[in-house]
Each structure stands twice: as structure tokens, then as C-alpha cells.
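Using the working numbering, the letters of the sequence shown correspond one by one to residues -19 to 146.
Data block below; observations after.
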Amino acid sequence: MPEIDPLASVGCSEVFFQLLLGRKTPKEISERLRTSPPTVVEHLRRLQGLGVVRLGRKEGKFQPYEVDWEGFAREVLRRAYTPGILERLNPGKAGRLREILEGVGREEAFLELLRSYFSGLAREMEEGRYPRRTVWGAIYSLEESLDEATRVRAGGRAGRLIRLLG
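What follows is the structure, given as C-alpha cells:
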């Protein structure tokens, strides 16, 4: 049986969202999730292997973890379904789309959008105002929530990406 993608895994997703809420060590996360520290460490290692989490600066005897936002952006863009659809429907535009996506993934405005969206979502879920979901589910919700007004206002590489898709 194939291994579940870490961003589609409920356990890895819960750990990821705890990092966004400021819980940085396996002990802090395990206490909040009511699970064992070794289980949390295993999820952190899977996320680290994907490149979306990294070790932070050691604080005394504790080793904190943190989100690697550039790595996370790369994975978000890799999982976005629009490029996959375009690749199947219009292979001629697919290569150019991939180039644009690589540039978008490094732009500070895009990284800030991801930080804001996913941190806000983590708070909403923690406070019970939004149903719990996996990171993968949240990526698809983000992509679907980009309405026409956002597309029209987009500039720079993001605007070129949206015009290419249109």
C-alpha cells in the first residue's frame, strides 16, 4: 500500500497547523494533540523530508521546528490542480506556466499570502470557527477561493500567470 502524502495525512496536518499556532517543540505539540512525542517527531520528519518544515535554532535542550515557507510555497504550487489541467488541455502552455509558477513561489508577496492564509486558518480551526482539514484540503480551498476580482487586480508574475490561465 502506498504511503499517504504528508500534506494529505491528518496527523502531519495537525502537527503542521500546531507549528503555525506557535507550538514549536515535539513536547508542546504532543501535549496539545494528546499524543506521544515520538509520534509528533515522526510527523515532523515526514514534513521535513518534504521540505516544508525545518529545524529551528536550538533553545537550551529543546530543538524547535519551524515552517520553511519557500519549501511550502513550492509544494503548494506543485499540488495546485490548475497547472495539471492546463498541461493536459494545452501542453504548449504548460512549460511556460511551470516557469511562471517557479517565480511566483519565490515572491515575498506570495509567501506572505501563504503565511497569512494558513496561519489564520490554523487559528480559526483551533478556535472551532472552521472545520478541521488537512493541509492538502486547505491548498485546494485556497486555490478555489481566488475569485475574479483577485485575478483582475493581480500584477507582476501572478498577473501573467492568471492571464496565461485565462
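Where is the CB? At the ideal position from N, CA and C, for every residue including glycine.
Item to check | Between the CA atoms of K41 and R54 - distance to the nearest angstrom | outcome: 31 Å
Checklist entry - In whole angstroms, what is the alpha-carbon distance linking D127 and S10? => result Per-residue confidence for D127 stands at a pLDDT of 43, beneath the threshold of 50, marking its modelled position as unreliable; no derived number is given.
Checklist entry - What's the gap between the Cα of E82 and the Cα of A60? => result 13 Å
Next on the checklist: Just to check my reading of the structure: L24 and E(-6) have Cβ atoms closer than 8 Å, yes? What is that Cβ distance to the nearest angstrom?
Outcome noted: With a Cβ gap of about 11 Å, L24 and E(-6) do not count as contacting.
Checklist entry - At what residues does the beta strand (DSSP E) containing Y110 begin and finish? => result Per DSSP, Y110 belongs to no beta strand (DSSP E) and is neither H nor E.
Checklist entry - Three-state secondary structure (DSSP) at L145? => result Because the pLDDT of L145 is 49, which lies under 50, any placement of that residue in the model is unreliable, and the number read from its coordinates should be weighed accordingly. L145: helix per DSSP, three-state reduction.
Next on the checklist: Would you call the segment -15 to 3 in contact with the segment 14 to 33, where contact means no fewer than 3 C-beta pairs closer than 8 Å?
Outcome noted: yes
Checklist entry - Can you give the Cα-Cα distance for P44 and A118, rounded to whole angstroms? => result If I take the Cα positions, the gap works out to 24 Å.
Next on the checklist: Suppose contacts are defined by Cβ-Cβ distances below 8 Å. Is A147 in contact with L(-13) by that definition?
Outcome noted: As displayed, the chain neither begins before -19 nor continues past 146, which places residue 147 out of reach and without an answer.
Next on the checklist: Less than 6 Å between C-beta atoms, sequence neighbours within five positions excluded: which residues of the same chain meet that for V132?
Outcome noted: Because the pLDDT of V132 is 49, which lies under 50, any placement of that residue in the model is unreliable, and the number read from its coordinates should be weighed accordingly. Taken in chain order, the list of residues that qualify is empty.
Next on the checklist: Contact defined as beta carbons within less than 8 Å: I believe L122 pairs with G85. What is the distance between those atoms, to the nearest angstrom?
Outcome noted: Contact between L122 and G85 fails: their C-beta atoms lie close to 14 Å from each other, not under 8 Å.
Checklist entry - For E106, which residues from the same chain have a beta carbon less than 8 Å from its beta carbon, with the 5 sequence-adjacent residues on both sides left out? => result F(-3) and L1
Next on the checklist: My output table needs one value for K82: the three-state DSSP class, helix, strand or coil.
Outcome noted: Reading the sequence as shown, one finds Glu at residue 82 and not Lys. Here E82 sits in helix by DSSP.
Next on the checklist: DSSP has F52 in a bridge; who is on the other side?
Outcome noted: Within the DSSP bridge table, the entry for F52 names no partner.
Checklist entry - How many angstroms separate the CA atom of L30 from the CA atom of K73? => result 27 Å
Checklist entry - Does DSSP classify E87 as helix, strand or coil? => result coil
Checklist entry - If you run the structure through DSSP and keep just helix, strand and coil, what is E(-6)? => result Correct three-state label for E(-6): helix.
Item to check | Residue from R3, R78 and F98 with nearest C-alpha to E46 | outcome: R3
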